[in-house]
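With our numbering applied, the sequence shown covers 436 to 741.
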Amino acid sequence: MTLAGVGTLGGLTAIAGAQIAPWRTDRSTHGDAPVWIEPVDTSATPAPPPPTATAPGTLPSREEIISHYGARTPHYWGLHPDSSWSTFPTDTALTRDSVCLTFDACSDSSGYDERLINTLRAQRVPATLFVNQRWATAHRQEFESLVTDPLFEIGNHGTNHRPLSTSGRSAYGIAGTKNVAEVYDEIAGMHTWMATNYGLQPKFFRPGTAHADNVATQVSRAMGAWIVMFSVNGDSGATASANQVYQQFLQLRPGGILLAHFNRPGSETAAGVERALPVLKARGLRFRRLDEVIPATTSPERPPRW
């Protein structure tokens, strides 16, 4: 069967019998409104020089990516492009009752929600943390504490927190990348920074504003990282009330991927998470990192195997 709800992964199919949880996106008044994405000025900080194929992380060269993908025309722009994940298969004993919590850190001008991270640690809840390079460099001590904590997996949230477009599209007033070359730079800058400084090889990428086109997802996959979106919008860009966060977390079902934020300590995200986690545990849900439930295949032309 095709991977309905998470894109067709380059038009290929999964092994027969794989069960995919139906994805849903928050359609409440605060879920689709522009406020859910943190407004970040991306024009002030230019992308660093692109890495070469010999840089730590063993990325394909910029020229190779441009040659292979530069002439392709995207046919989709939004939150759930082909070759991305919004939910994950739940047909194994490991994943049958599992959900994934993912939290983003978006910009250098924000902060660090220590209460939220401490809540996850106290309750031994694993999570995947998508970190933008500007946030990581501005919060180096906090970032390093997360890197060394086995409870957390670090994902790539981009170099300048830009929507991932190959045709100059924008989302929520934030200008996206203009072409395949800029898509490469947005992914490669943070990837190389983490590989060089911490030996990290991020397997997953989430674009700024969680918007991408289908060609950009192919580029990301060719660079070794799945693009991961979400099925439940947990905190509306850290603008939701504690009760709204609580209610959104309760929408999680097996196979679901929740998006929230840990870069707004003044928000009510942590309070809502504190209420929601015991309820979800009582329902029998198990929390997993993305690397436990999504396969790390090396090519966008190869389907996942379960």
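Here a beta-carbon is modelled for each residue, glycine too, at the ideal position from N, C-alpha and C.
Whole-angstrom C-beta distance between residue j and residue i, which should lie under 8 Å
i, j, result
"E703", "V728", "Actually they are not in contact, since the Cβ atoms of E703 and V728 sit about 28 Å apart, beyond 8 Å."
"A562", "F523", "Between F523 and A562 the Cβ distance is about 15 Å, and since that is not below 8 Å, they are no contact."
"R641", "F565", "4 Å"
Delimiting residues of the beta strand (DSSP E) encompassing residue i
i, result
"R559", "Counting along the chain, R559 falls outside any beta strand (DSSP E), and DSSP gives it neither H nor E."
"I804", "Examination of residue 804 is not possible in this model, given that the chain is present from 436 through 741 alone."
"N591", "587 to 591"
"D539", "533 to 540"
When the options are compared against residue i, the one with the closest alpha-carbon
i, options, result
"I622", "H596, H510, L635", "H596"
"H515", "A647, G719, H696, K716", "A647"
"N829", "V618, A706, R718", "Nothing can be reported for residue 829: it is not among the residues displayed for the chain, which extend from 436 to 741."
"W570", "T674, G593, T537", "G593"
"T537", "S666, T627, D620", "S666"
"S742", "A660, A695, I662", "The requested residue 742 is not part of the displayed model; the chain covers only 436 to 741."
"L599", "P585, V618, M629", "V618"
"N567", "S580, A540, D584", "A540"
"A711", "D517, V560, S542, W512", "V560"
"D670", "L693, S519, L720", "L693"
"S542", "L715, F697, P713", "F697"
"L494", "M664, A616, M658", "M658"
Buried versus exposed, by CB contacts within 10 Å (16 or more), residue i
i, result
"R699", "buried"
"V708", "buried"
"P484", "Only weak support exists for where P484 lies, its pLDDT of 31 falling under 50; the value from the coordinates is given anyway. P484 comes out exposed."
"N553", "exposed"
"P637", "buried"
"R723", "buried"
"L725", "buried"
"Q576", "exposed"
"G672", "buried"
"A717", "exposed"
"T601", "buried"
"G719", "exposed"
"V663", "buried"
Range covered by the alpha helix (DSSP H) that runs through residue i
i, result
"S502", "497 to 504"
"F697", "Per DSSP, F697 belongs to no alpha helix (DSSP H) and is neither H nor E."
"R721", "R721 -> not in any alpha helix (DSSP H); beta strand (DSSP E) instead, spanning 721 to 723."
"S580", "575 to 582"
"A706", "704 to 717"
"A651", "649 to 657"
"F523", "Where F523 is concerned, there is no enclosing alpha helix (DSSP H), given that its DSSP letter is neither H nor E."
Open item on the list: Would the region 545 to 555 count as touching the region 681 to 689 if we require 3 or more Cβ pairs under 8 Å?
Closed with: Contact fails: fewer than three Cβ-Cβ distances are below 8 Å.
Open item on the list: Pairs of beta-carbons, one from the region 501 to 508 and one from the region 648 to 656, closer than 8 Å: are there three or more?
Closed with: Because the criterion of three Cβ pairs below 8 Å is met, the region 501 to 508 and the region 648 to 656 touch.
Open item on the list: For the region 527 to 542 against the region 599 to 614, do three or more pairs of beta-carbon atoms, one drawn from each stretch, fall closer than 8 Å, so that the two count as touching?
Closed with: These segments do not touch.
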